[in-house]
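Working notes for the structure below.
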Amino acid sequence: MNDKLTNCGHQITIMEYAGFPFPTVALKVYTSDLTSLFLWTCPRCKGYTKGFEVIYRDHSTCGEAWVTCSAGDGPHVPVRRGPARAVGRTATAERSGALRQATAAVPCRAATWALAVPSRAGSSSCLRKPLLTAFSALLYLHKREGARLPASPHPIPMPCTRRRGARVFLRMVDACMHGRHAGPTRIDKWKRMGITSNDAAPRAVLLRFLFLLCIGCKCLASEVEATQTATLAVDASPQLARKIPDTLFGIFFEEINHAGAGGIWAELVSNRGFEAGGLHTPSNIDPWSIIGDDSSVFVETDRTSCFSRNIVALRMEVLCDNCPTGGVGVYNPGFWGMNIEEGKVYNLVMFVKSPETTDLTVSLTSSNGLQNLASATVTVSGESNWIKVEQKLVAKGTNRTSRLQITTNKKGVVWFDQVSLMPEDTYKGHGFRTELISMILDLKPRFLRFPGGCFVEGGWLRNAFRWRESIGPWEERPGHFGDVWHYWTDDGLGYYEFLQKVPSCNSGVSHNDEVDTVAIAPFVKDVLDSIEFARGSANSTWGSVRAAMGHPEPFPVKYVAIGNEDCGKKFYRGNYLKFYNAIRQAYPDIQMISNCDGSSTPLDHPADLYDFHVYNDSKTLFNMKSTFDRTSRSGPKAFVSEYAVWRGDAGRGSLLASLAEAAFLTGLEKNSDIVSMASYAPLFVNDNDQTYWMQTLFRESSGAMFHPTTISSSYSGSLAASAITWQDSENSFLRKTPVQVINFGSDAVTLTISTSGLQASINALGSTATVLTSADVMDENSFSNPTKVVPVKSDLSNAAEQMQVTLAPRSFSSFDLALAQSKLVAEM
């Protein structure tokens, strides 16, 4: 919303919440989420504050930093002169006395009014009428009294109405009607102006304003309930149908949000090799902790491991002669607790050394150690060499926040290294978590981009992903610190493990380092060796290593992306050409992907595809559904390898984000003649969100037939739609035409769908409707409520070439029209 009014010399901007910068006008209105504190301005330089924090920090005009007191309900008070700097909670607390004194002495020096309306109350169309009504009243009040009113030190938020979780508030920075907030000096000033705290005139003004504001809120309520109308025309004629690439929708895996370590990789022990604390010992062993106290057990790392690339081990010295019942030792909670399930078998592997024969108890317990879920005793023979201990643990209970314990009652010294615990039922024995792989397979991805974007390059070259160090026996892999996402990975999920599942790969150098083209040759050879490991014959140098690991057949690597978000860097083009020419000569069938965006400007170097990344707010991504409409149909194809809603709109996987992403995907389907591949990022986070469910509703698109659609409605700016026809390869009689519609607005829509050109009649009995929506657009799933926002499927009994359906506000709807079998039999 961006309506402007001019009255009594003041320009009013009604602004939908859309980030910075805000306009600097005398009177302001914002739509804002009331879970946050209100926004208003520094009266001198128009810097914006929110609660205790200075958000808009450019105070160069007045050279002062401004904060608020009393949890954001006080005036702006200058607390520091000189260069601008942010002042947060700590600074506010330190200056609390000075603030109280300044509050009494230095009131705000400008009249600033702000009306705050939650963005969740609805779209711009819903807010327009009540906001304009409220402004009219606000202007009237300011025109009549504003020139004479002093500033109140305590602006009052006044609830007006509640509708669909929304409340409208007025924050009065210049309200003189509340004498209880004014000191004697201020009241004396009012008296000299002819106004008292009991004066009827200002009260009448206030009541008139509130009355008008309430009328506006009623308009808001009525408009929220409004139902819009629209028509969707689907042309399914063979002449206009176009085949979508088989590769259109895939997935992108990156080690971010613990997607691998603690996620899809089934290893339950965090920092299993004690390397995460660094090579300088003694080092930090987090998240390992001791069982007992410092008088009974002492642990530290040293460099005594039997593994040359993993030299750090844990030394545990038991000090007690009469150790407590249960013993002393160490425990590991895994990644925020181990999910142990009753009846399942867990394989423990660890390397141990002790100068004396020692009995160790290995247990799976609750987080406090009180509930024993599984335990066994292993004996370590006294010798100077390391031994490998393997033990199966069968869980007799279920606990989602369990831990692994290793304890003993015997005084002495024991060394540990490479302590691993994995469930026995990993996917095909490859080490992946079965339930997560099953969810991925349910998406029917046509490719997987790996091993990451920023992760593969590293923030600095020393922390880049090294494929050679991620192959071979897991206990000999050194692991590395991912400095982009700031956590350690042991690389148990390495290059070979990915190749067991996927046909594509990604390569890069680093985000912050740059390698001069004259020095790039070793990196080019490294990439060629990695491709040989994947695709070379079992007799080749690196292909033989792969064969020795158990996979003599080559992996079908078909794509290589050269770099990640590196276009524009000084040496990128020169380095790119070195990689391109070397790979093209050795593997002419491999498709090369450039980092440079070719959607609007032609590339100045050869490429088969170009990489396109987009992270944006929900409204912008929704509107980007038409991004590729204007792209040239000649030249390399687009690989939209990373897209997502981020920041405030995303939450931890909000409905709002998934709707915008779905609309963006309809645009990719429409432009799939030049968009060959697309993948969401990030694939995993430790939550179950509706973006996943939205992705499942597009899983049949790859390889399907695309049909043009046309939306007709004054409300069409909030609608997006697509239509395809697909046939189940395993069941030649199953054929459907899903018509997918995203309603991004806050009004319900009565939609008339008109489908023409179908080559088979519609079977209403087999047709269904699937809807993804929720009461609040920011709703998201969580561990405590994992199914809060999930698709709901129902029969579509009125399915026909001409039918009317209702789109819920803020919803994704898929109307799956089953095509009659008899026609298909005739066609075959």
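Once you know that position 519 of the sequence shown is 519 in full-length UniProt numbering, the rest is easy, because the numbers rise by one and skip nothing.
From the three backbone atoms N, C-alpha and C, an ideal C-beta is built for every residue, glycine too.
Every value quoted in this text rests on a predicted model; they were computed, and no experiment measured them.
Can you tell me which of the options puts its alpha carbon nearest to the alpha carbon of residue i?
| i | options | result |
| --- | --- | --- |
| S761 | L817, D425 and H605 | L817 |
| T229 | V805, R810, F812 and F628 | V805 |
| F622 | L441, L656 and R630 | L656 |
| F498 | F523, S530, K619 and T755 | S530 |
| A233 | E553, M803 and W726 | M803 |
| E669 | E700, S654, E642 and I520 | E700 |
| M592 | P606, G598 and T601 | P606 |
| L393 | A376, V380, H280 and A582 | A376 |
| R633 | D673, V527, R400 and W726 | D673 |
| L796 | L758, A748, T737 and D747 | T737 |
| V378 | N385, G369, W474 and V362 | V362 |
| N322 | N332, S305, G292 and T304 | G292 |
| D611 | H707, C567, P238 and E661 | C567 |
| Y615 | Y587, D649, P602 and D604 | D649 |
| E801 | P445, S754 and T666 | S754 |
| F555 | A663, A561, G536 and F253 | G536 |
Please report how far the alpha carbon of residue i lies from the alpha carbon of residue j, in whole angstroms.
| i | j | result |
| --- | --- | --- |
| N271 | D286 | 7 Å |
| S510 | I311 | Per-residue confidence for S510 stands at a pLDDT of 32, beneath the threshold of 50, marking its modelled position as unreliable; the derived number appears in the next sentence. Looking at the two C-alpha atoms, the distance is approximately 26 Å. |
| E341 | P423 | 10 Å |
| A550 | G397 | Note that residue 550 corresponds to Gly in the displayed sequence, not to Ala. Distance between the alpha carbons of G550 and G397: 35 Å. |
| G635 | D597 | 12 Å |
| K578 | L659 | 41 Å |
| Q585 | E390 | 47 Å |
| G382 | A644 | 56 Å |
| Y559 | L448 | 10 Å |
| N539 | R477 | 24 Å |
| N339 | Q371 | 14 Å |
| L279 | V414 | 20 Å |
| G334 | P324 | 25 Å |
| W386 | F812 | 58 Å |
| A775 | P809 | 9 Å |
| N731 | I471 | Residue placement at N731 cannot be trusted, given a pLDDT of 46 that sits under 50; what the coordinates show is reported in the next sentence. Cα to Cα, N731 sits roughly 40 Å from I471. |
| A723 | T401 | 45 Å |
| A374 | R446 | 40 Å |
| S662 | R647 | Inspection of the sequence shows that residue 662 is occupied by Ala rather than by Ser. Straight-line Cα distance between these residues: approximately 17 Å. |
| V349 | C306 | 15 Å |
| V749 | S714 | 11 Å |
| W336 | L436 | 18 Å |
| R309 | E469 | 9 Å |
| V739 | F783 | 32 Å |
Assuming residue i and residue j are in contact, meaning their beta carbons sit under 8 Å apart, how far apart are those beta carbons, in whole angstroms?
| i | j | result |
| --- | --- | --- |
| S794 | T768 | 7 Å |
| V328 | S296 | 5 Å |
| L697 | S814 | 5 Å |
| T357 | R403 | So it is not a contact: roughly 26 Å between Cβ atoms. |
| N798 | A764 | 7 Å |
| K625 | A534 | Incorrect: roughly 36 Å between the Cβ atoms, too far for contact. |
| V299 | I406 | Contact doesn't hold; Cβ gap of about 11 Å is too wide. |
| G343 | A395 | 6 Å |
| D747 | S654 | Actually they do not touch by this definition, with Cβ atoms about 19 Å apart. |
| T301 | F274 | 5 Å |
| Q418 | F523 | Wrong, their Cβ atoms sit about 30 Å apart, outside the cutoff. |
| F253 | Y680 | Actually they are not in contact, since the Cβ atoms of F253 and Y680 sit about 11 Å apart, beyond 8 Å. |
| F628 | M677 | Contact flag wrong, Cβ pair sits at about 13 Å. |
So, is residue i buried or exposed, given that buried needs 16 or more other C-beta atoms within 10 angstroms?
| i | result |
| --- | --- |
| E317 | exposed |
| K570 | exposed |
| L609 | buried |
| L240 | exposed |
| T247 | buried |
| N595 | buried |
| L493 | buried |
| D359 | exposed |
| K637 | buried |
| A84 | Residue placement at A84 is poorly supported in this model, since its pLDDT is 27, which falls under 50; the coordinates are not used for a value here. |
| R242 | exposed |
| N564 | buried |
| G574 | exposed |
| N332 | buried |
Check whether the stretch 437-444 touches the stretch 407-425, counting contact only when three or more Cβ pairs, one atom from each stretch, lie closer than 8 Å.
-> no
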